[in-house]
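Heads up: the protein sequence lines correspond to chains C and F, in order.
Letter 151 of the first sequence, counting from 1, is numbered 154 in my numbering, and no numbers are missing.
Letter 76 of the second sequence, counting from 1, is numbered 79 in my numbering, and no numbers are missing.
Glycine residues also receive a C-beta, built at the ideal position from the N, C-alpha and C atoms.
These numbers come from a predicted model, not from an experiment.
Here is the structure we will look at.
2 protein chains.
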Amino acid sequence: MNERPLILVSNDDSINAKGVRELISRLVRLGDVVVVCPDAPRSGQSMAITVNDPLRISPVPDFMGARMYKTTGTPVDCIKLAMHHILKRRPDMVVSGINHGSNASVNELYSGTMGAACEGCAFGIPSVGFSLTDHNPDADFSGCLRAVDLISEAVLTRGLPEGICLNVNVPDTKDEPAELRVCTPCRAHWDDEYKEYIDPAGHKFYLLSGELINDEPDNETTDLWCLKHGIISVVPTSVNRRLIMPETLGWLQALQEKY
Amino acid sequence: MNERPLILVSNDDSINAKGVRELISRLVRLGDVVVVCPDAPRSGQSMAITVNDPLRISPVPDFMGARMYKTTGTPVDCIKLAMHHILKRRPDMVVSGINHGSNASVNELYSGTMGAACEGCAFGIPSVGFSLTDHNPDADFSGCLRAVDLISEAVLTRGLPEGICLNVNVPDTKDEPAELRVCTPCRAHWDDEYKEYIDPAGHKFYLLSGELINDEPDNETTDLWCLKHGIISVVPTSVNRRLIMPETLGWLQALQEKY
């Protein structure tokens with residue numbers, strides 16, 4: 004008897020986000036879906052894990068046939084708790100998102116959405132994160148759905164190489180994007196990252212803010228270029244940090260002898 | 004007039020940890036040192052950033068001539084706040100640690116110590132994280148100091164390629180390690196990651212626990228092998244996720260046409 008594929012879903016915008024419900028609505032056609040999300044927004048959590056503090060898991064009502072759980076942890080905690088204490092068998096795919104907001108370029112490093120996908124990848128499971136470049140809680144995800152269908156089915160069928168997961172970003176355009184492109188993460192940096200305030204006692208505090216500056220705006224092979232031009236970006240991302248030793252680090256080899 | 008090099012120091016064990024003080028004691032010989040650390044332990048924070056919540060910076064008394072600050076943020080927040088609101092000029096090097104506990108193999112993904120080093124690297128600054136494989140708050144860091152001297156001076160002098168920082172782990176051995184080796188992060192996984200408890204109301208909760216299982220125990224080129232054999236491991240780590248597209252992802256290119 005053939006079992007349906009098992010798909011583990013998470014995100015960083017919480018179990019209540021619209022984006023994850025849109026994602027589930029597509030994935031239930033591909034397999035059995037179990038959803039394990041944070042109980043509240045956990046944006047910017049990267050691959051953070053909860054150390055020392057207790058973690059709790061609570062079921063929430065099924066959605067379109069998917070079993071749903073919330074946890075008190077980070078996106079990575081959600082994947083770990085699912086693997087160790089919720090799922091009865093190993094999932095065939097981990098899908099994270101759909102994030103409300105871009106995770107292109109350097110944003111990927113801080114993204115909880117991609118944290119969950121990277122954790123799936125670290126478990127050796129084919130994993131994908133989806134994001135829409137619109138922070139609005141009521142964003143329109145319809146432009147994402149064809150890409151979700153196509154990529155999820157392909158990843159489920161083909162798998163991904165060890166240590167590689169996909170970071171998919173969909174531009175917030177009025178019409179469905181007409182093109183999807185495999186590209187590289189753009190060189191970019193955040194400028195002016197904090198807004199400064201003075202509290203009633205006269206002490207300064209800071210809130211995260213700023214503007215993402217594209218350091219290679221004319222490079223058509225990058226995710227930021229694609230998104231700006233209405234194209235869906237697909238970036239293969241490595242959580243396997245085995246590098247081929249760059250030539251430039253010959254001096255590092257020399258340190259071995261020097262030590 | 005030549006300025007002394009400026010070295011930015013952070014960690015994830017807090018401004019009060021012994022490890023960062025040991026690190027500072029060596030780095031003050033190489034340049035002007037400014038220290039910006041979390042005000043409390045922030046282990047397992049990876050590259051998490053604080054979104055929406057206010058961040059505060061407070062000076063603490065100088066240590067061995069180094070200017071010292073604590074913040075209410077994560078290790079990555081510390082680097083960002085230093086870059087935007089504390090430092091008067093761009094640092095020549097970022098050094099994070101010395102962590103109380105191993106950040107070898109997959110631990111690197113979750114490490115706040117390496118989060119700070121990776122953030123320095125994302126700013127384009129040569130960056131290194133140091134860890135000792137001993138969690139004890141009163142650990143003996145003397146076995147780390149020669150490696151700190153040698154590597155910090157070399158990184159300051161030679162720099163590092165774009166997107167690459169170093170993850171240095173020192174084994175907790177009775178005698179100073181006799182060897183240092185450039186190696187790859189070992190394939191390993193955490194087994195049995197949570198201990199389950201029942202609270203007074205009868206509800207389950209979980210605390211992070213578990214055991215790191217080495218998936219390639221005989222591979223002498225890995226950090227875990229080196230550490231087990233009393234050798235200091237130096238792993239070049241990429242935060243630049245520009246991959247050469249693996250051959251195996253030809254089907255992904257085909258998706259472009261299919262979409």
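Using a Cβ-Cβ cutoff of less than 8 Å, which residues in the same chain neighbour residue i once the five nearest sequence positions on both sides are dropped?
{"i": "C/Leu-159", "result": "Pro-8, Ile-10, Leu-33, Gly-34, Asp-95, Met-96, Pro-129"}
{"i": "F/Ile-216", "result": "Ala-191, His-192, Trp-193, Asp-194"}
{"i": "F/Leu-169", "result": "Ala-120, Ser-130, Val-131, Gly-132, Ile-154, Val-158, Leu-163, Val-237, Val-238, Pro-239, Thr-240"}
Residues of chain C with a CB under 9 Å from the CB of residue i: which are they?
{"i": "F/Met-96", "result": "Here the premise fails: no neighbours, minimum Cβ distance about 15 Å."}
So residue i and residue j are in contact, right, with Cβ under 8 Å, and what is the actual spacing, rounded?
{"i": "F/Gln-48", "j": "F/Gly-118", "result": "6 Å"}
{"i": "C/Leu-84", "j": "F/Tyr-200", "result": "14 Å between Cβ atoms; not a contact."}
{"i": "C/Pro-62", "j": "C/Tyr-72", "result": "6 Å"}
{"i": "C/Thr-74", "j": "C/Ile-60", "result": "5 Å"}
{"i": "C/Gly-166", "j": "C/Val-242", "result": "6 Å"}
{"i": "F/Pro-78", "j": "F/Gly-115", "result": "4 Å"}
{"i": "F/Ser-3", "j": "F/Val-131", "result": "Because chain F here runs from 4 to 262, residue 3 of chain F falls outside it and cannot be looked at."}
{"i": "F/Val-98", "j": "F/Ala-69", "result": "In fact, because the Cβ distance is near 11 Å, the residues do not count as touching under 8 Å."}
{"i": "C/Cys-124", "j": "C/Leu-135", "result": "Between C/Leu-135 and C/Cys-124 the Cβ distance is about 21 Å, and since that is not below 8 Å, they are no contact."}
Can you give me the start and stop residues for the beta strand (DSSP E) that residue i sits inside?
{"i": "C/Ala-69", "result": "69-74"}
{"i": "F/Thr-240", "result": "234-241"}
{"i": "C/Val-12", "result": "9-13"}
{"i": "F/Ile-27", "result": "From DSSP, F/Ile-27 is part of no beta strand (DSSP E) but of the alpha helix (DSSP H) over 21-30."}
{"i": "F/Cys-121", "result": "Segment 115-125 is the alpha helix (DSSP H) holding F/Cys-121; no beta strand (DSSP E) there."}
{"i": "C/Leu-103", "result": "At residue 103 of chain C the sequence reads His, which differs from the Leu that was named. Start and end: 96-103."}
{"i": "F/Ser-134", "result": "130-135"}
{"i": "C/Ser-212", "result": "Neither: C/Ser-212 is in no beta strand (DSSP E) and is coded neither H nor E."}
{"i": "F/Cys-168", "result": "167-173"}
Along chain C, in chain order, which residues have C-beta atoms closer than 7 Å to that of residue i?
{"i": "F/Ala-157", "result": "Trp-254, Leu-258"}
{"i": "F/Ala-125", "result": "Val-109, Leu-112"}
{"i": "F/Arg-161", "result": "Trp-254"}
Looking only at its chain, what residues have a beta carbon closer than 6 Å to the beta carbon of residue i, apart from the 5 residues adjacent to it on each side?
{"i": "C/Cys-229", "result": "Arg-184, Cys-186, Ser-236"}
{"i": "C/His-103", "result": "Asp-16, Gly-22, His-138, Ala-142"}
{"i": "F/Glu-260", "result": "none"}
{"i": "F/Thr-224", "result": "Cys-186, Thr-187"}
{"i": "C/Gly-233", "result": "Pro-174, Thr-176, Pro-180"}
List the residues of chain F whose Cβ lies closer than 8 Å to the Cβ of residue i, in chain order.
{"i": "C/Tyr-209", "result": "Pro-57, Leu-58, Arg-59, Ile-60, Leu-84, His-88"}
{"i": "C/Val-38", "result": "Near C/Val-38 there are no residues of chain F at all, since even the closest Cβ is about 18 Å away, more than 8 Å."}
{"i": "C/Tyr-262", "result": "Arg-149, Ala-150, Leu-153, Glu-182, Leu-183, Ile-235"}
{"i": "C/Val-12", "result": "The premise fails here: C/Val-12 is roughly 20 Å from chain F at the closest Cβ pair, so nothing lies under 8 Å."}
Taking residue i as part of the alpha helix (DSSP H), name the residues at either end of that continuous run.
{"i": "F/Pro-78", "result": "78-84"}
{"i": "F/Ala-157", "result": "148-161"}
{"i": "C/Ala-257", "result": "253-261"}
{"i": "C/Lys-231", "result": "226-231"}
Take the Cβ of residue i as the centre, count every other Cβ of all protein chains shown within 10 Å, and call the residue buried at 16 or more, exposed below.
{"i": "F/Gly-182", "result": "The sequence as given places Glu at residue 182 of chain F; Gly does not occur at that position. So F/Glu-182 counts as exposed."}
{"i": "F/Glu-122", "result": "buried"}
{"i": "C/Glu-214", "result": "exposed"}
{"i": "C/Asp-56", "result": "exposed"}
{"i": "C/Asp-178", "result": "exposed"}
{"i": "F/Gly-205", "result": "exposed"}
{"i": "C/Pro-239", "result": "buried"}
{"i": "F/Ala-43", "result": "exposed"}
{"i": "F/Ala-257", "result": "exposed"}
{"i": "F/Glu-6", "result": "exposed"}
{"i": "C/Arg-92", "result": "exposed"}
Name the chain C residues whose beta carbon is nearer than 8 Å to that of residue i?
{"i": "F/Asn-206", "result": "First, the amino acid is wrong: residue 206 of chain F is His here, not Asn. Result: Arg-59."}
{"i": "F/Gly-47", "result": "Ala-51, Ile-52, Thr-53, Val-54"}
Which residues in the same chain have their Cβ closer than 7 Å to the Cβ of residue i, if we skip the five residues on either side of it in sequence?
{"i": "F/Cys-81", "result": "Ser-13, Val-39, Cys-40, Pro-41, Thr-74, Ala-119"}
{"i": "F/Gly-76", "result": "Pro-41, Thr-53, Leu-58, Leu-84"}
{"i": "C/Trp-254", "result": "none"}
{"i": "F/Ala-150", "result": "Val-171, Val-173, Leu-183, Ile-235"}
{"i": "C/Leu-227", "result": "Ala-107, Ser-108, Cys-189, Ala-191, Asn-217"}
{"i": "F/Met-4", "result": "Its pLDDT being 49, under 50, F/Met-4 is placed unreliably by the model, and nothing is read from it."}
{"i": "C/Asp-202", "result": "Phe-208"}
{"i": "F/Ser-28", "result": "Met-67"}
{"i": "F/Thr-26", "result": "The sequence given here places Leu at residue 26 of chain F; Thr does not occur at that position. Val-12, Val-98, Gly-100, Ile-101, Phe-133, Val-151."}
{"i": "C/Met-50", "result": "Val-79, Gly-118, Cys-121, Glu-122"}
Under 7 Å Cβ-Cβ, which residues of chain F neighbour residue i?
{"i": "C/Val-242", "result": "Leu-112"}
{"i": "C/Glu-196", "result": "Lys-83, His-87"}
Indicate, with yes or no, if the ligand MN has a heavy atom lying under 7 Å from the CB of residue i.
{"i": "F/Ser-61", "result": "Although the ligand MN was asked about, the structure shown includes no ligands whatsoever."}
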